[in-house]
Every structure is written in C-alpha cells, then in structure tokens.
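**Q** Here UniProt numbering is used: the first residue of the sequence shown is 1, the next is one more, and so on.
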Amino acid sequence: MTGDALAPLIGFDDFMQVDIRIGQIVVAEAFPEARKPAYKLAIDFGPQIGVKRSSAQITHHYTLEELHGRKVAAVVNFPPRQIGPVMSEVLTLGFPDADGHVVLVGVDRDLPLGGRLY
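(1) Inspect the beta-carbon positions of Gly49 and Val72 and report whether they are closer than 8 Å.
(2) Out of Asn77, Leu67, Leu41, Ala56, point me to the one whose CA is closest to Arg21's CA.
(3) When burial is assigned at 16 or more other CB atoms within 10 Å of the CB, is Leu111 buried or exposed?
(4) Please state the DSSP three-state secondary structure of Asp110.
(5) Helix, strand or coil, according to DSSP, for Leu93 in the structure here?
(6) Any idea if Val102 is buried or exposed, counting beta-carbon neighbours within 10 angstroms, 16 or more meaning buried?
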C-alpha cells in the first residue's frame, strides 16, 4: 500500500496479529551501502524481546546523534529481511511529511521498553 489509498477493512483479530512495540535506539550508524539514504539502528525492546536491528530511511529529519536514546515504535513480528548487507529484524514505523520524508512514530511519555500497542 502506498500513498493515501485506504487499506481494506480488517477485523480486530487481524490488527492484533501485528505486534507493534516501543523500543529505544541504543545504536545508530551510517549505512552508506543502502540504495536510498538510511541508517542502521539497534533498538532495545526490553528483556522479553531484546535488541533488534533495523534499517530506516530517516536521514532527512534525523542525525545519528539525536537518534541515540530516542523511543520509537516498530513491528517486531515480521520475518527478518535482507537490506543490502544488513539483516533488518523489525520495521521501524513512521509517517511521511508533506515531501514524503519519514517522521518517526514516538511517544510523549516515558514508557517501559517492550510495551505493546493496543
């Protein structure tokens, strides 16, 4: 799905199959091998899930320095996906701004790592 098209209606049980958790970025690194500008992230989801890797095309709005310690939302139950030389284990979530650049989904309170979206 791309753009502004609405996805088909789903039931609540379908939604609950998507496991979205809050995590904290513990490592953010340049990813010069990526086809599109991106960073390599290590995100801590707490003791139950642990630290997972992700590739995120967020270079337009974020510097590496400001990402460290930032809380982000991610889908943690997709199968790992090879992104160039990096195995991405989670999908870090964001919304497009008016120009299509990704703005990360975050939270406005300090939450325990690994909390599930519902």
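We put the beta carbon where it would ideally sit given N, CA and C, even for glycine.
**A** Taking the definition as stated:
(1) Checking the sequence shown, residue 49 turns out to be Ile, not Gly. It is not a contact, given that the beta carbons lie outside the stated cut-off.
(2) Asn77
(3) exposed
(4) coil
(5) coil
(6) buried
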